[in-house]
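Colleague: First the structure, then my questions, so here it is.
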Amino acid sequence: MGSEDARSRLETSVLVTGSPALTAPLAEALAAGGYADVEIVPFFCDLSEVDTGTTVVVAAFDHPAYAELTALDALCAGSGVRWLPLRRERGRMIAGPAITPGNGIDFADVIARRRSAAPDPGVADAVLSAPANGTALKPGDARWVLANLAVHLERWLSGGRTAIAGGEIELNLVDLTELRRPILPVPDRVRPAPAVTDAELLVDDRTGIVTGVSEIAPTPGMPARLRVCAVEVADMRRVTNWPNDRQAIGTSWHDFGLARQSAIGEAVERYCGSWLAPEREVRFGSYEQLTRYGVPALDPRRLNLYSAGQYRSPGFPFTPLTPDTDCSWVEGFSHTTKESVWVPAFLISNERQAGEGRFADPLLAGLAAGTSEEHAVTSGLEEVLERDTTMLWWANTPRLARLPIPDEIRSLIADTVVGYEITLIHLDNEFDVPVVAAAVLDRVTRRLSLGFATRPDALEAAKKALAEGFTLQHTCRTLDNETALSALRRDLPRPGELKPYRADRRYLDSYRDDFGDVTDLLCQQQIYLDPRAAKRVAPWVRDLPDGCWDALPSLGERRQKAYQDRVEARGFEVISVDLTTCDVAAAGFHAAHTLVPGLVSNFPAGFPLWGNGRITDAAVALGWRDTPLDEGDLNVFPLPHA
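In structure tokens form, the structure reads like this:
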């Protein structure tokens with residue numbers, strides 16, 4: 001390796017540019033490194049004649065120099081010349097990233113990541129445009145910085161491991177320490193596939209997709225064993241047309257590390273699920289047109305969207321999707337047929353072409369992330385089954401059996417018995433998979449939340465559902481705080497969905513009697529700040545006959561095939577759409593939206609998915625009712641879940 005390093009340096013010419021206070025000592029340091037040539041050149045010099053295979057530019061500035069480095073990035077990109085930046089920012093020197101045009105990150109990524117991750121975009125913009133610092137570096141500090149830069153440059157050019165190959169190194173002049181900051185490629189343009197994956201590349205307070213990680217402490221009466229992690233997510237709206245969610249939550253019993261992993265995974269799925277990458281092919285036309293030209297497409301008649309009566313309702317915002325209706329389509333994969341299939345894009349994305357009808361909001365169920373495609377699809381399929389089962393139960397309101405609290409769960413919530421009432425319910429379903437609902441009622445405030453989970457084992461599903469139910473109590477507390485509620489109302493995509501704060505908590509009086517204005521899931525939880533709401537749903541949520549754990553279904557293993565076999569045995573198809581962005585792929589994650597045409601996603605109470613009779617017919621098949629309910633008799637009282 002040593003001889004290869006030496007040969008690499010002997011063949012490399014280094015062009016040094018930037019601030020005179022740094023270029024001279026840097027050139028002197030590099031001249032002793034055995035390079036073929038080291039030359040100080042004017043900033044923005046002509047690179048058209050240099051040998052791109054053996055030339056590298058090092059730009060060293062004693063100020064932020066974002067304008068200069070942006071211009072140099074464009075120059076080097078046009079010439080195909082590798083380059084390495086060094087800049088001074090807020091009292092620290094920042095080296096990197098090492099940039100090879102057309103292969104990986106560039107300086108535009110640096111600016112986009114810093115702007116999107118900043119707590120305050122105004123501060124970020126001020127730093128980006130900051131003038132040169134009038135205070136010169138101390139000679140000793142300059143020597144340390146430039147020696148550090150020289151070592152990383154040598155390592156990069158020789159193909160060795162160095163942090164500048166995938167990010168920045170922040171050099172602290174006070175204590176002479178290094179802090180590595182990842183820079184992931186922003187997927188706003190076509191980018192090459194990453195060569196190295198590392199989950200921690202996602203997390204950084206200045207440059208990350210995940211910009212903050214914190215633990216939500218249990219409030220009095222909540223289970224101390226439940227660890228809840230909240231992560232903050234960079235605001236991609238500042239750099240491109242990407243309305244991503246800004247926060248995600250993860251939970252685990254006992255282990256904060258697992259809660260952190262869960263929260264980061266949740267952040268990834270929401271991040272990817274709100275974006276169609278520029279290179280994604282989108283076709284526009286009708287189902288009939290696509291099939292006429294031999295394109296395999298999902299027949300819209302297989303989707304359970306809205307009923308004819310809903311479409312006729314005054315002010316109903318959605319348009320019927322028929323086989324001859326034009327819409328956008330994206331390519332998915334049928335795990336059932338093992339073939340490509342095109343699906344309506346609105347099922348997974350809010351993006352629409354000009355003049356395109358609004359057919360429905362993206363399906364809430366099925367979006368998931370994982371460390372492999374199989375992991376993501378498995379999690380998404382679990383959610384699809386869970387949500388279909390949940391909505392069938394909630395719309396038909398059968399009084400299912402209450403499960404006794406087993407010792408393992410009782411030990412997890414032993415410190416909550418005074419403050420909370422817990423109800424566990426196994427939800428019957430045609431797929432014979434464990435789906436458990438966990439109702440959590442605050443005995444003092446009467447706030448009710450419901451968690452749900454599908455797992456191969458009913459006990460594991462119950463633990464997951466219970467964790468979710470308690471976590472939603474944190475959301476209730478946020479909604480019951482006037483300041484926090486005002487902030488949430490500002491951030492919602494459709495302002496005014498959440499109602500203004502009420503000190504009396506009588507939110508049922510704020511919403512319409514038919515709940516047609518409950519158009520976001522958070523509205524549903526706001527309603528349950530009203531103590532009357534929990535009382536209203538008690539007959540099918542809390543006041544239940546006793547049941548037992550015997551003979552509950554199980555799968556044996558948490559694998560895609562185990563769930564898929566159950567789904568296909570009932571005549572349904574499993575489809576997924578890969579939504580993995582290049583930056584998330586670099587962190588070793590995959591994201592997918594899994595669809596099972598014919599099943600029902602969860603929905604806000606204002607837009608129930610009554611189409612095709614799935615909800616009414618399944619109640620008869622499950623033995624809950626002798627005949628299907630009329631649409632007008634289905635339950636529309638909101639579900640205490642968001």
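For the sequence shown, the UniProt record's numbering gives the first residue as 1, with consecutive numbering after it.
In this text, a Cβ means the ideal position worked out from N, Cα and C, and glycines have one as well.
1. Thinking C-alpha only, which one of V123, G257, S13 and D198 is nearest T371?
2. Does DSSP put A401 in a helix, a strand or coil?
3. Measure how close the beta-carbons of L157 and T17 come, nearest whole angstrom, since I'm counting them as under 8 Å.
4. Alpha carbon to alpha carbon, what distance is there between S307 and residue 669?
5. According to DSSP, which residues form a beta bridge with S554?
6. I'd like the list of long-range same chain contacts for M1, defined as Cβ closer than 6 Å, with 5 residues on each side in sequence excluded.
7. Using 8 Å for Cβ pairs, my map puts residue 677 next to H641. What's the rounded Cβ distance?
8. What span of residues does the alpha helix (DSSP H) with L488 cover, start to end?
9. Count the other CB atoms within 10 Å of the CB of Q353; is the residue buried (16 or more) or exposed (fewer)?
10. Compute the Euclidean distance between the alpha carbons of A217 and H254, then round it to the nearest angstrom.
11. Which residue from P192, W610, D46 and I575 puts its Cα closest to that of K338?
12. Given that a residue counts as buried once 16 or more other Cβ atoms are within 10 Å of its Cβ, and exposed if not, what is Y293?
13. Taking 7 Å as the limit between beta carbons, can you name the residues of its chain near D530, skipping five residues before and five after?
14. Could you pull out every unbroken alpha helix (DSSP H) segment of at least 4 residues lying fully inside the segment 188-222, listed in chain order?
15. Output the distance between the C-alpha atoms of V111 and R238, rounded to the nearest integer angstrom.
16. I want to know whether the segment 360-368 touches the segment 591-611 - three or more CB-CB distances under 8 Å.
17. Would you mind giving the Cβ-Cβ distance between V231 and Q247, rounded to the nearest angstrom? I have them listed as a contact below 8 Å.
18. Helix, strand or coil: how does DSSP classify V123 here?
19. Which runs of the alpha helix (DSSP H) at least 4 residues long sit entirely within the segment 488-545? Give them in chain order.
20. Note down, in chain order, each residue of its chain lying with its Cβ closer than 6 Å to the Cβ of D204, except the 5 sequence neighbours on either side.
21. Taking only runs that begin and end inside the segment 271-324, name each unbroken beta strand (DSSP E) of 3 or more residues, in chain order.
22. Apart from the five residues just before and just after F256, which ones in its own chain have a Cβ nearer than 7 Å to its Cβ?
23. By DSSP, does L176 sit in helix, in strand, or in coil?
24. Work out the CA separation of A376 and A586 for me, nearest whole Å.
25. Does the beta-carbon distance from L26 to L146 come in below 7 Å?
26. So for E232, helix, strand or coil by DSSP?
27. For W144, which residues does DSSP report across the bridge?
28. Apart from the five residues on each side of it in sequence, which residues of its chain come closer than 8 Å, Cβ to Cβ, to R410?
Modeller: Quick answer:
1. Its Cα nearest to that of T371, the residue D198 stands out among V123, G257, S13 and D198.
2. Three-state result, A401: coil.
3. Going by Cβ atoms, the distance from L157 to T17 rounds to 17 Å, so no, they are not a contact pair.
4. Here the chain comprises residues numbered 1 to 642, so residue 669 is not present and cannot be evaluated.
5. S554 is not bridged to any residue.
6. Bear in mind that a pLDDT of 45 at M1, under 50, signals an unreliable position, so the model cannot answer this.
7. Because the chain is modelled from 1 through 642, residue 677 falls outside the range shown and cannot be assessed.
8. Element bounds for L488: E482 to D491.
9. Here Q353 is exposed, its C-beta having fewer than 16 other C-beta atoms within 10 Å.
10. Rounded to whole angstroms, A217 to H254 spans 13 Å at the Cα level.
11. That would be I575, whose Cα lies nearest to the Cα of K338.
12. With fewer than 16 other Cβ atoms within 10 Å, it is exposed.
13. Cβ within range, chain order: R505, R506, Y507 and L508.
14. Runs found: none.
15. Residue identity differs from the one stated: residue 111 is Ile in this sequence, not Val. I111 and R238: Cα-Cα distance of roughly 11 Å.
16. The count of Cβ pairs closer than 8 Å, one atom from the segment 360-368 and one from the segment 591-611, reaches three, so the stretches are in contact.
17. Right, the Cβ-Cβ distance comes to about 7 Å (below 8 Å), so this counts as a contact.
18. V123: helix per DSSP, three-state reduction.
19. Here the runs fully enclosed are 521-527 and 531-541.
20. The answer, listed in chain order, is R181 and P182.
21. Within the segment 271-324, the complete beta strand (DSSP E) runs of at least 3 residues are 283-285.
22. Counting only Cβ-Cβ distances below 7 Å, and skipping sequence neighbours, we find E215, R227 and C229.
23. Three-state DSSP puts L176 in coil, outside helix and strand.
24. Between A586 and A376, the C-alpha separation is close to 16 Å.
25. Inclusion of L26 and L146 in the CB contact set at 7 Å is warranted, their separation being smaller than that value.
26. In this structure, E232 counts as strand in the three-state DSSP scheme.
27. In DSSP, W144 forms no bridge with anything.
28. Here R410 has no same chain residue with a Cβ atom under 8 Å from its own Cβ, once five neighbours each way along the sequence are excluded.
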